[in-house]
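Protein chains in written order, with this note's numbering: chain A, 130 to 475; chain B, 130 to 475.
The C-beta atom is built at its ideal place from N, Cα and C for all residues, glycine as well.
Accompanying notes for the structure given below.
Number of protein chains: 2
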Amino acid sequence: MYARGATDDKGQLLTHLLAAEAWMKTIGDIPLNLIYLIEGEEEIGSPHLEEFILEHREKLQADVVVISDTSQFGPEMPALCYALRGLTYMEFIVTGANQDLHSGMFGGIVPNPNQVVAAIVAEMKGLDGRIRIPGFYDGVKPPEGWEVAEYEKLPWNDSDLAAQLGLPGLSGEKEYPAPVRRWYRPTLDVNGMYGGYAGKGAKTVIPSIAGAKVSMRLVSGQNPERVAELFEAFVRERVPDDCKVEVIRYQNSPAIIIPVDHPAMQAAKVAFRNGFGKEPLLIREGASIPIVAFFVDTMKMPSILFGFGLPDDNPHAPNEKFTLADFHRGIATSAHFMDVYSEAAG
Amino acid sequence: MYARGATDDKGQLLTHLLAAEAWMKTIGDIPLNLIYLIEGEEEIGSPHLEEFILEHREKLQADVVVISDTSQFGPEMPALCYALRGLTYMEFIVTGANQDLHSGMFGGIVPNPNQVVAAIVAEMKGLDGRIRIPGFYDGVKPPEGWEVAEYEKLPWNDSDLAAQLGLPGLSGEKEYPAPVRRWYRPTLDVNGMYGGYAGKGAKTVIPSIAGAKVSMRLVSGQNPERVAELFEAFVRERVPDDCKVEVIRYQNSPAIIIPVDHPAMQAAKVAFRNGFGKEPLLIREGASIPIVAFFVDTMKMPSILFGFGLPDDNPHAPNEKFTLADFHRGIATSAHFMDVYSEAAG
């Protein structure tokens, strides 16, 4: 069992602890061996988690990892998440002259790194949502038939969501419906762009340095290392001779798909049915939980995403919450999972 | 006489005060009427100067305004500057969703203002230095024959300058020589570009807001108001429907050309010849001094740019200086100017 630091996550962690306690109090024993892995550094990028797991590799070996970091699809819509997008996070920093210069005295004869960053960013992705880095989409597959059936079952409300965000509608690749754009298509977003003067008013500087921070959400079939290489090559090829560029790679984690027919997934389905009184929906998430890839790829431990929160729980934000009803149903679901999975796993 | 706040400018102001004192001490009188206009707010954009001048319009009326804010072309190369570029300074701010969003959860379905800013900036100007705002170059004229002769006389050293700036060479429109790019061609530079996370490391935000601050140096023949309008239209036409844009106009001042045959220019030539022992070079400047346009256009007072500093005086920077030799020659030049101009003006 692995849970993270936010209130939401702590509440979810408690459900598993209390489920075990319930087993002890009622039956006198727990039907399987439990190892709890509790981390407090997730919000600073988990700098020690992988190292810690590797160090305690043998003690932490398990048949399945249960991770409570996802949420229901909506109120009274419990869900099992079987896929996460991966993440390649890059930054490129363009340098022109060795100092900031006055645009009156030097405008017209020196390169402007802001201009170079803008040209590269603009070429990288169209306003139609299409990413133009050659090879970027290699390996990307459309959803399978059963997946289309699953996401079409869900009560998506694009116009409500758009209105809530102050937008006239949802944006992105027009040829794909919104659920596909969120879960099945890779994306590229410039998360930060900087260069020169960003304060109030006017300043006529030609900056020495400008840069962009870019995250790419990856789907299964894409290799994060290769995406990082394609990105870097794309940038380097486009930096003109009068500028230099530095490319930084921050993070590279692959997309995750958990086989829905895995015994732990099947056990989780039954547990949700008992705990929430409803068949759980099968959903994906657009975000990334890098440690899941580590559990699956490096530790070779199947991992399931088993979350009880709601999309409006406001994790890390004011009025963060975890409803008591979900807390109680979560405890019951966890207790049922221990029962069903222990029988399935023998 | 008008001088500004930096040390360099204060030193130049002193030359004119001491020249007048020399006249008083030697002859007992000054050959013309002098009005000194001394301002201390230039570095914060002269918020009260125009208002002050208008308020004291009659007292400040003069045959000629002598402005000491330019410099020699180099050591032992005294110069009279007869043209300044104008300045139109704009900012545009693009808003997408009404809040910053998580790129994992919302990547692929919401607009990213960074992307919109980059697309517009990239389209606005090519990396070849060519500005692509339709109509921007209307009215721009090539240098006249005598001007080409003047700038060809000057000891330009492009490769030294490039090396000093850490560049492999000077950049910009290849079809024009560097002096033309600096003095006769209008430019556009993005002085600031901002949006999302610009700190250390990685943050996966899709920002609500991104923007760019853009200065355009204008040459004679271009109308700053019209350039501002063309710029604004160019930006507005390119903002997609899922974003909003705000366009801010900060500054609009036209380019200035001082007729070289004006009696004050002719008097200044003689004064330099006497004060520095050399014929002054006739040069332009790439930067803008907005108050000059105000003196010329609003106050209808011819203005001459009469500076004694050196290009490496480091105004506003560490080790700012004004050499004693230039200080003394400046005093002599100013004293001679009073003499020659008073005779020319009768």
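- Look at the region 210 to 232 of chain B: the residues with a C-beta under 8 Å from a C-beta of chain A are Arg-214, Leu-216, Tyr-218, Glu-220, Gly-225, Ala-226, Asn-227, Gln-228, Leu-230, His-231 and Ser-232.
- Ala-339 of chain B: member of the beta strand (DSSP E) spanning 338 to 347, first to last residue.
- Scanning the region 285 to 373 of chain A for uninterrupted beta strand (DSSP E) segments of 3 residues or longer gives 316 to 325 and 338 to 347, listed from N- to C-terminal end.
- Take the alpha-carbon of Leu-161 of chain A and the one of Phe-265 of chain A: they are about 44 Å apart.
- Neighbours of Tyr-266 of chain A in chain B, taken as residues at a C-beta separation under 8 Å, are lacking, since the least C-beta distance is about 13 Å.
- In terms of Cβ geometry, Thr-316 of chain A and Gly-404 of chain A do not form a close pair [threshold 9 Å].
- Close to Tyr-326 of chain B, with beta-carbon spacing below 7 Å, are these residues of chain A in chain order: Asn-320, Gly-321 and Lys-342.
- When the Cα atoms are used, Gly-225 of chain B and Leu-296 of chain A turn out to be separated by approximately 7 Å.
- Ser-232 of chain A is positioned such that its CB atom lies closer than 9 Å to that of Thr-333 of chain A.
- A direct Cα-Cα distance of roughly 13 Å separates Pro-369 of chain B from Ala-247 of chain B.
- At the C-beta level, His-145 of chain B and Ser-197 of chain B come within 9 Å of one another.
- Interface residue (Cβ-Cβ distance to chain A less than 9 Å): Tyr-379 of chain B is classified as such.
- The three-state secondary structure of Lys-254 of chain A, taken from DSSP, is strand.
- Burial state of Ser-463 of chain A is buried, judged by a 10 Å Cβ sphere holding 16 or more other Cβ atoms.
- The region 135 to 181 of chain B is shown to contain whole alpha helix (DSSP H) runs of 4 or more residues at 136 to 156, in chain order.
- In the three-state reduction of the DSSP assignment, Gly-274 of chain A falls in the helix class, which pools H, G and I.
- The Cβ of Ile-335 of chain A sits closer than 9 Å to at least one Cβ of chain B.
- The beta carbon of His-177 of chain A is closer than 8 Å to those of Glu-170 in its chain, skipping five residues each way along the sequence.
- For Ser-382 of chain B, DSSP records a beta bridge to B:Leu-216.
- If you draw a straight line from the Cα of Ile-249 of chain A to the Cα of Lys-254 of chain B, it is about 13 Å long.
- When the five nearest sequence neighbours on each side are left out, the beta carbons in the same chain lying within less than 7 Å of the beta carbon of Met-206 of chain B are those of Leu-410, in order along the chain.
- Around the beta carbon of Asn-448 of chain B, fewer than 16 other beta carbons sit within 10 angstroms, so the residue counts as exposed.
- Between Val-469 of chain B and Val-399 of chain B, the beta carbon gap of about 5 Å places them in contact (Cβ cut-off 8 Å).
- Under DSSP, Glu-414 of chain B takes part in a beta bridge, and its partners are B:Leu-213.
- Per DSSP, reduced to three states, the secondary structure at Ala-208 of chain A is strand.
- Pairing Glu-281 of chain B with Ile-412 of chain B gives a Cβ-Cβ distance that is not under 9 Å.
- For Ser-197 of chain B, there is no enclosing beta strand (DSSP E), since its DSSP letter is neither H nor E.
- It is roughly 29 Å from the alpha-carbon of Arg-458 of chain B to the alpha-carbon of Ser-175 of chain B.
- For the region 288 to 312 of chain B, the residues whose beta carbon sits under 9 Å from a beta carbon of chain A are, in order, Leu-290, Ala-291, Gln-293, Leu-294, Gly-295, Leu-296, Pro-297, Gly-298, Leu-299, Ser-300, Gly-301, Glu-302, Tyr-305, Ala-307, Val-309, Arg-310, Arg-311 and Trp-312.
- In terms of CA proximity to Cys-210 of chain B, B:Ser-432 leads the group B:Asp-442, B:Ser-432, B:Ala-307 and B:Ile-222.
- Here His-465 of chain A carries a helix assignment [DSSP, helix/strand/coil].
- Judged by DSSP in its simplified three-state form, His-231 of chain A adopts strand.
- Assignment of beta-bridge partners to Thr-224 of chain A by DSSP yields A:Ile-338 and A:Lys-373.
- Within the model, the alpha-carbon separation for Asn-320 of chain B versus Val-223 of chain B is close to 16 Å.
- The beta-carbon separation of Ala-357 of chain B and Met-219 of chain B, rounded to 6 Å, stays under the 8 Å limit for a contact.
- With a threshold of 16 other beta carbon atoms within 10 Å, Ser-337 of chain B meets it and is buried.
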